[in-house]
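Numbering-wise, the working numbering comes out as the position in the sequence shown, counting from 1, plus 313. Built from N, CA and C at the ideal position, the CB exists for glycine as well. What you are looking at is a predicted structure, and each value in this text was computed from that prediction instead of being measured.
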Amino acid sequence: MTTPARIQAHSRRSTRSPSRLSGPAVCATLLAVLAGCGGSDDSARAAGDDTGGSTTTEEPTDDGQDSGPGNDDGNGESGFDPVSLDNCGVEVTADHAPQRAVTMNQSATEVMLALGLEERISGTAYLDDEILPEFADAYAGIHVLSDEYPSREALLDIEPDAVYGAYPSAFQPETAGNRSELHDVGIATYLSPSACPDKPSDEPLEIETVWQEIRDVGAIFGASDAADALVEDQQAELGRAIDSADDVSSTTVVWWDGGSDAPSVGACCGAPGMIMDAAGVENAFADVDGSWADVSWEQVAERNPDVIVLVDADWSTAEEKRATIESTPGVQELPAVAHGQFVELSFSATTPGVRNVSAVVDLIDGVEELR
Numbered sequence: 314m315t316t317p318a319r320i321q322a323h324s325r326r327s328t329r330s331p332s333r334l335s336g337p338a339v340c341a342t343l344l345a346v347l348a349g350c351g352g353s354d355d356s357a358r359a360a361g362d363d364t365g366g367s368t369t370t371e372e373p374t375d376d377g378q379d380s381g382p383g384n385d386d387g388n389g390e391s392g393f394d395p396v397s398l399d400n401c402g403v404e405v406t407a408d409h410a411p412q413r414a415v416t417m418n419q420s421a422t423e424v425m426l427a428l429g430l431e432e433r434i435s436g437t438a439y440l441d442d443e444i445l446p447e448f449a450d451a452y453a454g455i456h457v458l459s460d461e462y463p464s465r466e467a468l469l470d471i472e473p474d475a476v477y478g479a480y481p482s483a484f485q486p487e488t489a490g491n492r493s494e495l496h497d498v499g500i501a502t503y504l505s506p507s508a509c510p511d512k513p514s515d516e517p518l519e520i521e522t523v524w525q526e527i528r529d530v531g532a533i534f535g536a537s538d539a540a541d542a543l544v545e546d547q548q549a550e551l552g553r554a555i556d557s558a559d560d561v562s563s564t565t566v567v568w569w570d571g572g573s574d575a576p577s578v579g580a581c582c583g584a585p586g587m588i589m590d591a592a593g594v595e596n597a598f599a600d601v602d603g604s605w606a607d608v609s610w611e612q613v614a615e616r617n618p619d620v621i622v623l624v625d626a627d628w629s630t631a632e633e634k635r636a637t638i639e640s641t642p643g644v645q646e647l648p649a650v651a652h653g654q655f656v657e658l659s660f661s662a663t664t665p666g667v668r669n670v671s672a673v674v675d676l677i678d679g680v681e682e683l684r
């Protein structure tokens, strides 16, 4: 059975500013709960998930201004299509689009920016890489709460009406607080459905799930037209890449995310597996459950991949990975290592979001260049 959560109009307009806002702990500006789901894999490798909700009603204020793209006038007065959707077992309904969202984790921020919703973001936190160049100007005007996760106090201080995160670690008790705690003070939450807590570890992630998240966010924020256009563009880009690619189905790939003593590799069912599957290559660890898996170098040697993806992250760069594998007994002799059969992809490409299709294209191109 789904748990209902309802969003109704609030009485404040969004006044996004890069400066820190003052005020009481939080006003119940979004008088409802927009609940989502979470998973167990992220850059912090931390989890913490709960759900809950409440409904309160305030009178909307009409200031006659437009503050959003797509099919919402930003004030809920006209043009907004009411939303009702099931998100990881939670029924989410919305009469009005959130105006003061906080995005946590890069993919959530970039989904919002890709939909032209920067004016709806009152604060953001936790980038893993540089923001995509096409979003740099819009991102520059958004208040950054923290380089990583903000404290609960810092989050409440800017009085958000919604928090959108890519991982459940965005809602740990020691940081922003559990989702149910945020709901109790009138703050909605939404987490990427690609990591629903009840998702079986052996169920592969599909690119359609990523596209559905984009559509969900577009509907919730009154930008369905923009979301549909973005998904259509990505579908066309992916289709062109696949149609023009050579047959690489016999090319085995190890996706190395991190770790030197026990390498963490892309397993069957997360974003790495999804990207490899979409690219048409064979995931060397497709028989291992989960999104990522810690394996041994002996296992990597046994799989003897044709290509190794080096994930480039600030805390574990592709250059460092290459130096490690080229000096590790047992794998330094592998043909893929000896002949430099590496493809570099950014860590942000491994989080479900707007970068995934580009990562598929980059992987296809990289594999073809090495053949």
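Whole-angstrom distance between residue j and residue i, CA atom to CA atom
i: V680; j: A597; result: 14 angstroms
i: P463; j: T488; result: 6 angstroms
i: P473; j: V415; result: 6 angstroms
i: T565; j: T663; result: 18 angstroms
i: V613; j: G436; result: 42 angstroms
i: Q412; j: R465; result: 20 angstroms
i: T641; j: F448; result: 39 angstroms
i: D678; j: L445; result: 20 angstroms
i: A549; j: L426; result: 20 angstroms
i: W568; j: C582; result: 13 angstroms
i: V594; j: S563; result: 7 angstroms
i: D619; j: V674; result: 18 angstroms
i: I500; j: G402; result: 19 angstroms
i: A479; j: D559; result: 33 angstroms
i: S485; j: E494; result: The question names Ser, but residue 485 is Gln in the sequence shown. Between Q485 and E494, the C-alpha separation is close to 10 angstroms.
i: S356; j: H409; result: In this prediction, S356 has a pLDDT of 41, which is less than 50 and means its spatial position is unreliable; nothing more can be read from the coordinates.
i: A407; j: L469; result: 22 angstroms
i: Y452; j: I588; result: 26 angstroms
i: T374; j: G392; result: Caution applies to T374, whose pLDDT of 35 falls short of 50 and renders its modelled position unreliable; the model cannot decide the point.
i: G490; j: R433; result: 22 angstroms
i: G643; j: E615; result: 10 angstroms
i: G454; j: E461; result: 18 angstroms
i: G349; j: S609; result: Confidence in G349 is poor, its pLDDT being 36 and thus under 50, which makes the residue's placement too unreliable to answer from.
i: D511; j: Y503; result: 16 angstroms
i: R702; j: A467; result: Examination of residue 702 is not possible in this model, given that the chain is present from 314 through 684 alone.
i: I638; j: L623; result: 10 angstroms
i: S557; j: R684; result: 15 angstroms
i: P481; j: C509; result: 9 angstroms
i: H496; j: K634; result: 42 angstroms
i: T422; j: A606; result: 27 angstroms
i: H652; j: D574; result: 22 angstroms
i: A631; j: Q645; result: 16 angstroms
Proximity below 7 angstroms, CB of residue i to CB of residue j
i: I527; j: A540; result: yes
i: A483; j: S459; result: no
i: I533; j: V396; result: yes
i: A626; j: F655; result: no
i: N400; j: P517; result: no
i: C666; j: V476; result: The residue asked about is misnamed: residue 666 is Gly in this sequence, not Cys. In this structure, V476 does not lie closer than 7 angstroms to G666 by Cβ.
i: D602; j: S514; result: yes
i: Q419; j: D441; result: yes
i: L676; j: A592; result: yes
i: A672; j: L658; result: yes
i: G535; j: L428; result: no
i: Q547; j: V670; result: yes
i: S629; j: G586; result: no
Residue i - containing beta strand (DSSP E), residue span
i: S482; result: Taken as a continuous stretch (DSSP letters only), S482 belongs to no beta strand (DSSP E), as it is neither H nor E.
i: E657; result: F655 to S659
i: S459; result: V457 to S459
i: S397; result: V396 to N400
Extent of the continuous alpha helix (DSSP H) run through residue i
i: Y439; result: Careful: Y439 lies outside any alpha helix (DSSP H) and carries neither H nor E.
i: V498; result: Here V498 belongs to no alpha helix (DSSP H), and DSSP marks it neither H nor E.
i: T422; result: Q419 to A427
i: E516; result: No alpha helix (DSSP H) holds E516; DSSP gives it neither H nor E.
i: S731; result: The displayed coordinates of the chain run from 314 to 684. Any statement about residue 731 would go beyond what the structure contains.
i: P648; result: P648 to A651
i: V685; result: An answer regarding residue 685 cannot be provided, because it is not within the stretch 314 to 684 covered by the chain.
i: D691; result: Any answer about residue 691 is impossible in this case: the structure gives the chain only from 314 up to 684.
i: D450; result: A449 to A453
i: T522; result: I520 to I533
i: L430; result: From DSSP, L430 is part of no alpha helix (DSSP H); its letter is neither H nor E.
Residue-level contact to chain D via CB, residue i, 7 angstroms cutoff
i: V680; result: Absent from the structure: chain D. Only one protein chain is present.
Legend entry - In chain order, each alpha helix (DSSP H) run of at least 4 residues that lies wholly inside the stretch 568 to 639: 584 to 592, 610 to 616 and 631 to 638
Inset, instruction - May I ask you to verify whether the stretch 537 to 551 touches the stretch 571 to 588, counting CB pairs closer than 8 angstroms and requiring at least 3? - result: no
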